[in-house]
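Participant: Take a look at the following structure, please.
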Amino acid sequence: MEAFPVVDMKKLDGDERGEAMDLIKDACENWGFFELVNHGISHELLDKVESLTKGHYKDVREQRFKEMVAAKGLEAVRSRVEDLDWESTFYLRHLPTSNMSEIPDLTQEYRGVMKEFASELEKLAERVLDLFCENLGLEKGYLKKVFYGSVGPNFGTKVSNYPPCPKPDMIKGLRAHTDAGGVILLFQDDKVSGLQLLKDGEWIDVPPMRHSIVINLGDQLEVITNGKYKSVLHRVVAQTDGNRMSVASFYNPGSDAVIYPAPELVEKGSNKEGAALGTYPKFVFDDYMKLYAGLKFEAKEPRFEIMKTRNPSENYGKAAAAY
Ligand SMILES: O=C(O)CCC(=O)C(=O)O
Ligand SMILES: [Fe+2]
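Right, here's the structure in full:
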């Protein structure tokens, strides 16, 4: 088994740039995931995010989680739970507008640190998208532009804790899914593992690594790259010992962004406009999200098929059939 791809971003500025770019390319094509080190976000900031997130869980959320578990009788379940996840979560939205001031129970310090962290991650996400453009032969800024829509990207952070679980074979920390959006940047616990991705039919651990940022690709990048890159199924396995922290930030298209395969990545059709013919749909991102909300834990392919029927006049699949 090949080693999980770990990209040292320092190499991107030196003689080993080609090697690092190839590693990213291979990861995007064959893993849907990779891990970044020397990504430019200070370790001091990451340490603050970690200690404040863990402190917030202990002070504010742990008791509530225990009460939820007791109310639902999850401690002693005897059959598989398929409609719930063993996680304690809250969401912060950063773009296009912040909801940080509306989230209760966050200290001023925690709010400030998460704001700074989000602004660093936004820059990193845009840098990563440009690395993808370079590998794909798309012009610099192409993906950022597609994601922009009319008011800029949707960017938010899901802060999660996966507490120790007495029955990890009966309930998942988070059930298997692909992410709907664009690029996901994950700051995960450096000791307690649990995140796994599906590769060649096997579940593989995403190894905890201190101060790294895990990157994974969502469904939109699969569509835009016309399937050259794939969003990959992943899940979180709950652990019997240890509380796993995960801070996942989703850099997604704007709600009204129109998503479709990049013409450069689609074989040219024979019609007179040279319209791209492909197997992926064209749609407005928000329509995809509405569909995803009810089908997150289902396979992505039927979601793509449904989107093809939503906007027939604008759809590549239909256009292909018409010529
Ligand atoms: O917590 C994690 O490590 C992964 C979370 C995740 O996959 C998600 O929220 O979509
Ligand atoms: Fe996910």
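Per this note's numbering, the very first residue in the sequence shown carries number 146; after that it's consecutive.
Positions of the beta carbon are idealized from the N, C-alpha and C atoms, including for glycine.
Need the endpoints of the beta strand (DSSP E) that Arg272 sits in, please.
Facilitator: The count along the sequence shown starts at 1 and reaches residue 272 at position 127. No beta strand (DSSP E) holds Arg272; the alpha helix (DSSP H) holding it covers 253-281.
Participant: Just the Cα atoms here: how many angstroms apart are Phe442 and Gln384?
Facilitator: In the sequence shown, counting from the first residue as 1, residue 442 sits at position 297. In the sequence shown, counting from the first residue as 1, residue 384 sits at position 239. Rounded to whole angstroms, Phe442 to Gln384 spans 21 Å at the Cα level.
Participant: Does the distance from the C-beta atom of Ser400 to that of Asp431 stay below 7 Å?
Facilitator: For the purposes of this step, residue 400 is taken as residue 255 along the sequence shown, with counting starting at 1. For the purposes of this step, residue 431 is taken as residue 286 along the sequence shown, with counting starting at 1. Yes, the Cβ-Cβ distance between Ser400 and Asp431 is below 7 Å.
Participant: The alpha helix (DSSP H) with Gln384 in it runs from where to where?
Facilitator: Here residue 384 refers to the residue found at position 239 when the sequence shown is read from its first residue. Per DSSP, Gln384 belongs to no alpha helix (DSSP H) and is neither H nor E.
Participant: Is any non-hydrogen atom of ligand 2 found closer than 6 Å to the C-beta of Asp250, if you look at the structure I gave you?
Facilitator: Mapped onto the sequence shown, residue 250 falls at position 105. For ligand 2, not one heavy atom lies less than 6 Å from the Cβ of Asp250.
Participant: Would a C-beta distance cut-off of 7 Å place Val368 and Ile329 closer than the cut-off?
Facilitator: Here residue 368 corresponds to residue number 223 of the sequence shown, with the count starting at 1. Here residue 329 corresponds to residue number 184 of the sequence shown, with the count starting at 1. No. Outside cutoff.
Participant: Roughly how many angstroms separate the alpha carbons of Glu232 and Phe449, rounded to a whole number?
Facilitator: Within the sequence shown, the letter at position 87 stands for residue 232. Within the sequence shown, the letter at position 304 stands for residue 449. Near 28 Å, if we compare the C-alpha coordinates of Phe449 and Glu232.
Participant: Quick one, what's near ligand 4 if you take every residue whose CB is closer than 6 Å to any heavy atom, in chain order?
Facilitator: Looking at this structure, you won't find ligand 4 anywhere; what it does contain is ligand 1 and ligand 2.
Participant: Tell me the rounded alpha-carbon separation between Leu283 and Glu409.
Facilitator: Taking the sequence shown and counting its residues from 1, one reaches residue 283 at position 138. Taking the sequence shown and counting its residues from 1, one reaches residue 409 at position 264. Between Leu283 and Glu409, the C-alpha separation is close to 7 Å.
Participant: Taking Cβ positions, are Asn371 and Gly327 nearer each other than 7 Å?
Facilitator: Here residue 371 refers to the residue found at position 226 when the sequence shown is read from its first residue. Here residue 327 refers to the residue found at position 182 when the sequence shown is read from its first residue. Result no, Cβ atoms of Asn371 and Gly327 do not sit closer than 7 Å.
Participant: By alpha-carbon positions, which one of Met166, Lys373, Asn175 ends up nearest to Ala407?
Facilitator: The residue labelled residue 407 in the question sits at position 262 within the sequence shown. Closest by alpha carbon: Lys373.
Participant: Tell me, which residues are paired with Ala393 by DSSP?
Facilitator: Against the sequence shown, residue 393 aligns to sequence position 248. Lys303, Leu331, per the DSSP bridge assignment.
Participant: Around the Cβ of Met146, are there at least 16 other Cβ atoms within 10 angstroms (buried) or fewer (exposed)?
Facilitator: In the sequence shown, counting from the first residue as 1, residue 146 sits at position 1. Flag for Met146 reads exposed.
Participant: Terminal residues of the continuous alpha helix (DSSP H) containing Thr198?
Facilitator: Working through the sequence shown from its first residue, we reach residue 198 at position 53. 188-201 is the span of the alpha helix (DSSP H), which, as asked, contains Thr198.
Participant: Reducing DSSP to helix, strand and coil, say where Tyr437 ends up.
Facilitator: Stepping through the sequence shown from its first residue, residue 437 is reached at position 292. Helix.
Participant: Answer with buried or exposed for Gln333, where buried requires no fewer than 16 other C-beta atoms within 10 angstroms of its C-beta.
Facilitator: Indexing the sequence shown from 1 puts residue 333 at position 188. Gln333 should be labelled buried.
Participant: Do the CB positions of Gly301 and Pro241 come within less than 7 Å of each other?
Facilitator: In the sequence shown, counting from the first residue as 1, residue 301 sits at position 156. In the sequence shown, counting from the first residue as 1, residue 241 sits at position 96. No, they are not a contact pair.
Participant: Whether or not the stretch 220-231 and the stretch 241-259 are in contact is what I'm after, with contact meaning three or more pairs of Cβ atoms, one per stretch, closer than 8 Å; do they touch?
Facilitator: Taking 8 Å as the limit for Cβ pairs, the verdict is that the stretch 220-231 does not touch the stretch 241-259.
Participant: Closest to Arg455 by CA distance: which of Glu180, Ser338, Asn299, Phe428 is it?
Facilitator: Sequence index remark: in the sequence shown, residue 455 carries index 310 (1-based). The shortest Cα separation from Arg455 among Glu180, Ser338, Asn299, Phe428 belongs to Phe428.
Participant: Express the C-alpha separation of Cys173 and Cys278 in angstroms, rounding to a whole number.
Facilitator: Along the sequence shown, one-based indexing puts residue 278 at 133. Along the sequence shown, one-based indexing puts residue 173 at 28. C-alpha separation (whole angstroms): 12 Å.
Participant: Please classify Gln208 as buried or exposed, where buried requires at least 16 neighbouring CB atoms within 10 angstroms.
Facilitator: Numbered from its first residue, the sequence shown carries residue 208 at position 63. The residue is exposed, with fewer than 16 neighbouring Cβ atoms inside 10 Å.
Participant: Can you find the residues in the same chain that come closer than 7 Å, C-beta to C-beta, to Leu440, ignoring five residues on each side of it along the sequence?
Facilitator: Translated into positions along the sequence shown, residue 440 becomes position 295. Contacts found: Arg448.
Participant: Which residues bound the beta strand (DSSP E) around Tyr136?
Facilitator: Residue numbering for the chain in the displayed model covers 146 to 468; residue 136 lies beyond these limits and cannot be assessed.
Participant: So, with DSSP's three-state summary, where would you put Val403?
Facilitator: Along the sequence shown, read from residue 1 onward, the residue named residue 403 stands at position 258. DSSP places Val403 in strand when its eight states are reduced to three.
Participant: Determine, using beta-carbon pairs with one atom in the stretch 343-353 and one in the stretch 159-169, whether at least three such pairs fall under 8 Å.
Facilitator: With a cut-off of 8 Å, the stretch 159-169 and the stretch 343-353 do not count as touching, because too few Cβ pairs lie within range.
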